[in-house]
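K.L.:
Each residue of the sequence shown is one higher than the one before, counting from 12 in my numbering.
Positions of the beta carbon are idealized from the N, C-alpha and C atoms, including for glycine.
Here the structure is a predicted model, which is why all the values come from computation and not from measurement.
Before we start, here is the structure in question, set down as structure tokens.
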Amino acid sequence: MSEEKFTTKQAAEFLGVSTSTIYRMEKENLIESTKTPGGQRRFLKEQLAMYLEKSKHIKAPQNPSQYKQQTQPKNISNINEEISTSHRIIFGSCEKMEELDNNSIHLMVTSPPYFNAPFDYQGFFEDYETYLNLITAFAQESYRVLQHGRIAVVSCDDMLVKGEKYPIVADITKTFLDAGFRYRDKIIWRKPEGYIRISRRSGVLLQHPYPMYFYPDNLQESVLIFQKGKYKYPQPDERSKIDIIEFQKNKWYLTVWDMVNNLPSKNKENNYPAAFPDELPYRIIKLFSNVGEVVLDPFLGSGTTTKVARQLRRNSIGYEIDSSLMEIIKEKIEFYNNFIFTGKDTIEFYDRAEGRIVEST
Ligand SMILES: C[S@@+](CC[C@H](N)C(=O)[O-])C[C@H]1O[C@@H](n2cnc3c(N)ncnc32)[C@H](O)[C@@H]1O
Numbered sequence: 012m013s014e015e016k017f018t019t020k021q022a023a024e025f026l027g028v029s030t031s032t033i034y035r036m037e038k039e040n041l042i043e044s045t046k047t048p049g050g051q052r053r054f055l056k057e058q059l060a061m062y063l064e065k066s067k068h069i070k071a072p073q074n075p076s077q078y079k080q081q082t083q084p085k086n087i088s089n090i091n092e093e094i095s096t097s098h099r100i101i102f103g104s105c106e107k108m109e110e111l112d113n114n115s116i117h118l119m120v121t122s123p124p125y126f127n128a129p130f131d132y133q134g135f136f137e138d139y140e141t142y143l144n145l146i147t148a149f150a151q152e153s154y155r156v157l158q159h160g161r162i163a164v165v166s167c168d169d170m171l172v173k174g175e176k177y178p179i180v181a182d183i184t185k186t187f188l189d190a191g192f193r194y195r196d197k198i199i200w201r202k203p204e205g206y207i208r209i210s211r212r213s214g215v216l217l218q219h220p221y222p223m224y225f226y227p228d229n230l231q232e233s234v235l236i237f238q239k240g241k242y243k244y245p246q247p248d249e250r251s252k253i254d255i256i257e258f259q260k261n262k263w264y265l266t267v268w269d270m271v272n273n274l275p276s277k278n279k280e281n282n283y284p285a286a287f288p289d290e291l292p293y294r295i296i297k298l299f300s301n302v303g304e305v306v307l308d309p310f311l312g313s314g315t316t317t318k319v320a321r322q323l324r325r326n327s328i329g330y331e332i333d334s335s336l337m338e339i340i341k342e343k344i345e346f347y348n349n350f351i352f353t354g355k356d357t358i359e360f361y362d363r364a365e366g367r368i369v370e371s372t
């Protein structure tokens, strides 16, 4: 037997499926891998080739191409299967979302860059005023493009830079009110203990157990919810009905949401440092939009909002200033996997600087 081995990505290309499908297939013992000393998966080419041959005449899930069609993301009822969605990723600044018409968006959900955060955004903004200018433009543009009555959600946190704490949550709230939004709610996103990434400050008191040495470790982020005027409740759309069991079980009804944040890892598929967990746009999209509507993320990053909007059968538009993220976004949103749903999705990447679509399905 040939010893030629494939990485997960190569195995996915070889079988014509996405890497996440490879993981699912492995979990269901349809294929096997070995691990390198560094913990990376390796798949024997010979075994994959045999598998491909064997599965040719068999119905899904053994046949990879049919397996994709059988795979359903969680909590999506069959009623939504046949809805096609379209997704647009625009490489350009969200300060001017000139590609979008007034009142054309049903929901905005995003997390802006963290002001000069150590590691991720060190020195990214010249000063705090420059940062607030970006936030002001983004708030005004969000107001312009959102439909009346609709929701804008901003996940953000105060930031400690070189010993100074910046009141970002308060400033973003004020900026959104100035742009015309109503302040509807604030959810505290509580991260698990042990998931602190940037600064572990509480040790100072352990070294100096006296008054004034108290610097707590930060475990939370604010999820600010704004609304553009009042919403006229239409006839409910049955396809968008919220699963009450999930709502109760995971305590969506509280102002504190326990969600596990992503930590960057050496694993290539997860090496974008500032992504929010799927669970955040998942809850927001389900709570504030209907199937078939348009969700906007002006600071798209690795594409989490697009990914979840696609799973939940919403259309989406994302802005991202850094076009080098294209491959990371493609990987996350399963760009190459157009068979995961029976509806046909279209996805396009538009580069504003080049003035053209650089890639599309
Ligand atoms: C906190 S990250 C967003 C992470 C995203 N929620 C995810 O899950 O991957 C902020 C992103 O905004 C991008 N960004 C910064 N300034 C921007 C601008 N003016 N317009 C659009 N994107 C911008 C950064 O490159 C970064 O990828």
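Check whether the segment 108-118 touches the segment 336-347, taking contact to mean three or more Cβ pairs, one atom from each stretch, closer than 8 Å.
P.N.:
No, the segment 108-118 does not touch the segment 336-347.
K.L.:
Report yes or no: do three or more beta-carbon pairs, one from the segment 243-257 and one from the segment 193-205, lie closer than 8 Å?
P.N.:
No, the segment 243-257 does not touch the segment 193-205.
K.L.:
From the DSSP secondary-structure annotation, give me the bridge partner or partners of residue 163.
P.N.:
DSSP, once it has assigned bridges, lists 119 and 237 as partnering residue 163.
K.L.:
I'd like to know whether the C-beta atoms of residue 302 and residue 327 end up nearer to each other than 7 Å.
P.N.:
Cβ atoms of residue 302 and residue 327: not closer than 7 Å.
K.L.:
Residue 217 by DSSP, collapsed to three states: which one?
P.N.:
Here residue 217 sits in helix by DSSP.
K.L.:
Roughly how many whole angstroms lie between the Cα atoms of residue 179 and residue 324?
P.N.:
Near 33 Å, if we compare the C-alpha coordinates of residue 324 and residue 179.
K.L.:
Going by DSSP in three states, residue 271 sits in which element: helix, strand or coil?
P.N.:
Note: residue 271 maps to coil in three-state DSSP.
K.L.:
Specify, as a first and last residue, the run of the beta strand (DSSP E) that residue 97 falls within.
P.N.:
First-last of the beta strand (DSSP E) with residue 97: 97-102.
K.L.:
In this structure, does DSSP put residue 51 in helix, strand or coil?
P.N.:
In this structure, residue 51 counts as coil in the three-state DSSP scheme.
K.L.:
Does residue 368 pass the burial test, meaning 16 or more other C-beta atoms within 10 Å, or should it be called exposed?
P.N.:
Exposed, since its Cβ has fewer than 16 Cβ neighbours within 10 Å.
K.L.:
Can you list the alpha helix (DSSP H) stretches of 4 or more residues lying completely in the segment 312-360, in chain order?
P.N.:
The segment 312-360 contains these whole alpha helix (DSSP H) runs: 315-322 and 337-343.
K.L.:
Given a cut-off of 7 Å on the beta-carbon distance, is the pair residue 95 and residue 356 in contact?
P.N.:
Yes.
K.L.:
Give the C-beta separation of residue 234 and residue 183 to the nearest angstrom, bearing in mind that I take them to be a contact with Cβ-Cβ under 8 Å.
P.N.:
At roughly 11 Å, the Cβ-Cβ gap does not stay under 8 Å, so residue 234 and residue 183 are not in contact.
K.L.:
For residue 58, which beta-bridge partners are listed by DSSP?
P.N.:
In the DSSP output, where bridge partners are listed per residue, residue 58 has none listed.
K.L.:
Provide the residue(s) that pair with residue 17 in DSSP beta bridges, ordered along the chain.
P.N.:
Bridge partners of residue 17: 54.
K.L.:
Does ligand 1 have a heavy atom nearer than 6 Å to the CB of residue 361?
P.N.:
No, since every heavy atom of ligand 1 falls outside the 6 Å radius drawn around the Cβ of residue 361.
K.L.:
Whose C-beta lies closer than 6 Å to the C-beta of residue 88 among residues of the same chain, with five residues either side of it excluded?
P.N.:
Because residue 88 sits at a pLDDT of 47, beneath the cut-off of 50, its placement in the model cannot be relied upon, and the following sentence gives the value as read from the coordinates. Nothing listed; no residue qualifies.
K.L.:
Using DSSP with H/G/I as helix, E/B as strand and the rest coil, what is residue 88?
P.N.:
Only weak support exists for where residue 88 lies, its pLDDT of 47 falling under 50; the value from the coordinates is given anyway. Here residue 88 sits in coil by DSSP.
K.L.:
Under 6 Å from any heavy atom of ligand 1, does the C-beta of residue 102 make it?
P.N.:
No, ligand 1 has no heavy atom inside 6 Å of this Cβ.
K.L.:
Hey, out of 159, 221 and 340, whose CA is closest to residue 244's CA?
P.N.:
The option with the nearest alpha carbon to residue 244 is 159.
K.L.:
Taking only three categories from DSSP, how would you classify residue 197?
P.N.:
Here residue 197 sits in strand by DSSP.
K.L.:
Would the beta-carbon of residue 310 be found less than 6 Å away from any heavy atom of ligand 1?
P.N.:
Yes - ligand 1 has a heavy atom lying nearer than 6 Å to the Cβ of residue 310.
K.L.:
What does the alpha-carbon distance come out to for the pair residue 340 and residue 220?
P.N.:
Using only the alpha carbons, I get a separation of about 46 Å.
K.L.:
What does DSSP give as the partner residues of residue 368 in its beta bridges?
P.N.:
Looking at the DSSP assignment, residue 368 forms a beta bridge with 361.
K.L.:
Within the chosen definition, does the segment 148-155 reach the segment 166-180 through at least 3 CB pairs nearer than 8 Å?
P.N.:
No contact exists between the segment 148-155 and the segment 166-180.
K.L.:
Can you give the Cα-Cα distance for residue 223 and residue 174, rounded to whole angstroms?
P.N.:
Between residue 223 and residue 174, the C-alpha separation is close to 15 Å.
K.L.:
Taking its Cβ as the centre, do 16 or more other Cβ atoms sit within 10 Å of residue 238, making it buried, or is it exposed?
P.N.:
Buried, by the Cβ-count rule.
K.L.:
Does the beta-carbon of residue 47 have 16 or more other beta-carbons within 10 angstroms, so that it is buried, or is it exposed?
P.N.:
It is exposed - the Cβ of residue 47 has fewer than 16 other Cβ atoms within 10 Å.
K.L.:
Please look up how many angstroms separate the CB atoms of residue 145 and residue 109, rounded, as I've assumed it's under 8 Å.
P.N.:
Going by Cβ atoms, the distance from residue 145 to residue 109 rounds to 16 Å, so no, they are not a contact pair.
K.L.:
Taking all protein chains shown into account, do 16 or more other C-beta atoms lie within 10 angstroms of the C-beta of residue 322, making it buried, or fewer, making it exposed?
P.N.:
The residue is buried, with at least 16 neighbouring Cβ atoms inside 10 Å.
K.L.:
Quick one: grab the DSSP three-state call for residue 231.
P.N.:
Residue state, collapsed to three classes: strand.
K.L.:
Please name the residue in 41, 264, 289 and 259 whose C-alpha comes closest to that of residue 271.
P.N.:
Looking at the Cα atoms, 289 is the closest of the given residues.
K.L.:
Apply the 10 Å Cβ neighbour rule to residue 217 and answer buried if 16 or more other Cβ atoms are within range, or exposed otherwise.
P.N.:
Classification for residue 217: exposed.
K.L.:
Could you check if residue 193 is buried or exposed, using at least 16 other CB atoms within 10 Å of its CB as the buried criterion?
P.N.:
Exposed, since its Cβ has fewer than 16 Cβ neighbours within 10 Å.
K.L.:
Please identify the residue among 287, 335 and 176 whose C-alpha is closest to the C-alpha of residue 226.
P.N.:
Here the closest residue by C-alpha is 176.
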